[in-house]
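J.: 1 is the number of the first residue of the sequence shown in the numbering used here; add one for each residue after it. C-beta: ideal position from N, C-alpha, C; glycine also. Below is the structure I would like to discuss, written out as structure tokens.
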Amino acid sequence: MNCVNIAVFVSGGGTNLQALLDAQAAGKLTSGKISLVISSQPGAYALQRAANAGVPGHVVSRKETGSQTAFEAGIQALLEEYHIDLIILAGFMSILSEGFTSRWPERILNVHPSLIPSFCGKGMYGLKVHEAALEKGVKVTGATVHFVNEIPDGGRILLQKAVEIQPDDTPETLQLRVMQQAEWLLLPQAAQQVSANILKEKEQNHD
Ligand code: GAR
């Protein structure tokens, strides 16, 4: 194996997926290959981004599968079919159970739009995170890339970047600045870093 197969899980617009695809096209993701995109939402624009880049996209919806067990079994089957080594949650809005996350220890990455441990945990996602930061009146926020475990936003932190809040910010302007100045830079960097480590581990195991 000389490349780590990456699956990106999405639910919406997929700008973080786009950042990963762009990094790959620019030769900045040399240790990993985006091999699969899974969307929890039929019709998510992220699926179009995957198609544009020639990456297979599949929908696995919690609602349509009927139960958490069936939902995760559907995901797991795709991960095996595509020989996936690393999962990246990029705006994935469905919950993954401990049964699932424990099968992928330090093999699932997530990007969260705040400086964890601020404004994170259950119910804190998307615009809500930025609304909470503005409500609290913090002057600095940012983004975090971390490993995923059974605790929401509780896994080991890999990378963080701070972003200043402007006096006239709305949740929408802040969300965009955090993406532009932090998320879209950190996520490809983390993907490369973790992929390189996985490759190194595999090589050592073969020695
Ligand atoms: C991103 O800001 C991401 O950090 C956030 O959702 C947005 C998805 O945008 N994720 C979370 O809040 C997870 N807790 P995208 O679909 O354009 O990448």
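Provide the residue(s) that pair with VAL129 in DSSP beta bridges, ordered along the chain.
T.: As a working note, residue 129 is residue 129 in the sequence shown. Residue pairing for VAL129: DSSP places it in no beta bridge.
J.: Expressed to the nearest angstrom, what Euclidean distance is found between the alpha-carbon atoms of LEU20 and LYS161?
T.: Within the sequence shown, numbered from 1, the residue matching residue 20 stands at position 20. Within the sequence shown, numbered from 1, the residue matching residue 161 stands at position 161. Taking the straight line joining both Cα atoms gives about 17 Å.
J.: Considering only C-alpha positions, which residue in the set ASN197, ASN205 and TRP184 is nearest to THR15?
T.: Walking along the sequence shown from the start, residue 15 turns up at place 15. It is TRP184 whose Cα lies nearest to the Cα of THR15.
J.: Could you check where the beta strand (DSSP E) with ILE87 kicks off and where it finishes?
T.: The sequence position of residue 87 within the sequence shown is 87, counting from 1. 86 to 89 is the extent of the beta strand (DSSP E) around ILE87.
J.: Quick one: does the C-beta of ALA50 sit closer than 7 Å to a heavy atom of the ligand GAR?
T.: As a first step, residue 50 must be located in the sequence shown, where it is residue number 50. Flag unset: Cβ of ALA50 not near the ligand GAR.
J.: Is any heavy atom of the ligand GAR found at a distance shorter than 7 Å from the C-beta of ASN16?
T.: The sequence position of residue 16 within the sequence shown is 16, counting from 1. Checking every heavy atom of the ligand GAR against the Cβ of ASN16, one is found closer than 7 Å.
J.: Hey, GLN141 and VAL178: beta-carbon distance below 8 Å or not?
T.: Position 141 of the sequence shown, counted from the first residue, corresponds to residue 141. Position 178 of the sequence shown, counted from the first residue, corresponds to residue 178. The question names Gln, but residue 141 in the sequence shown is Thr. Cβ distance < 8 Å, so THR141 and VAL178 count as in contact.
J.: Just the Cα atoms here: how many angstroms apart are GLY91 and GLY12?
T.: Reading the sequence shown from its first residue, position 91 is the one you call residue 91. Reading the sequence shown from its first residue, position 12 is the one you call residue 12. GLY91 and GLY12: Cα-Cα distance of roughly 7 Å.
J.: Assign ASP86 to one of two classes, buried (16 or more other C-beta atoms within 10 Å of its C-beta) or exposed (fewer than that).
T.: As a first step, residue 86 is located in the sequence shown; it is residue number 86 there, counting from the start. Inspection of the sequence shows that residue 86 is occupied by Leu rather than by Asp. Flag for LEU86 reads buried.
J.: Would you say GLU183 touches the ligand GAR, meaning its beta carbon is less than 7 Å from a heavy atom?
T.: By one-based count along the sequence shown, residue 183 stands at place 183. It does: the Cβ of GLU183 is within 7 Å (strictly closer) of some heavy atom of the ligand GAR.
J.: Short check: CB of VAL60 to CB of LEU47, under 8 Å?
T.: Working through the sequence shown from its first residue, we reach residue 60 at position 60. Working through the sequence shown from its first residue, we reach residue 47 at position 47. Cβ distance not < 8 Å, so VAL60 and LEU47 don't count as in contact.
J.: Rounded to the nearest angstrom, what separates ALA133 and GLU164 at their Cα positions?
T.: Counting from one through the sequence shown, the residue named residue 133 turns up at place 133. Counting from one through the sequence shown, the residue named residue 164 turns up at place 164. If I take the Cα positions, the gap works out to 11 Å.
J.: Can you tell me whether HIS146 is helix, strand or coil according to DSSP?
T.: What you label residue 146 is simply residue 146 of the sequence shown in a count that begins at 1. DSSP places HIS146 in strand when its eight states are reduced to three.
J.: Between the beta-carbon of LEU159 and the beta-carbon of ALA190, is there less than 8 Å?
T.: Your numbering for residue 159 matches position 159 in the sequence shown. Your numbering for residue 190 matches position 190 in the sequence shown. With respect to the 8 Å criterion, LEU159 and ALA190 are classified as neighbours on the basis of their beta carbons.
J.: Using DSSP bridges, identify the partner residues of SER39.
T.: Here residue 39 refers to the residue found at position 39 when the sequence shown is read from its first residue. Paired residue(s): VAL10 and VAL59.
J.: Using only the alpha-carbon positions, how far apart do PRO56 and CYS3 sit?
T.: In the sequence shown, counting from the first residue as 1, residue 56 sits at position 56. In the sequence shown, counting from the first residue as 1, residue 3 sits at position 3. Distance between the alpha carbons of PRO56 and CYS3: 17 Å.
J.: Can you name, in chain order, every residue of its own chain whose Cβ lies under 6 Å from the Cβ of THR65, other than the five neighbours on each side?
T.: Sequence index remark: in the sequence shown, residue 65 carries index 65 (1-based). Excluding positions up to five away in sequence, the list reads PHE71 and GLY74.
J.: Taking the alpha carbon of SER39 as the point to measure from, which residue in LYS63, ALA25, ASP22 and SER97 has its own alpha carbon closest?
T.: Along the sequence shown, read from residue 1 onward, the residue named residue 39 stands at position 39. Cα-wise, what sits closest to SER39 is LYS63.
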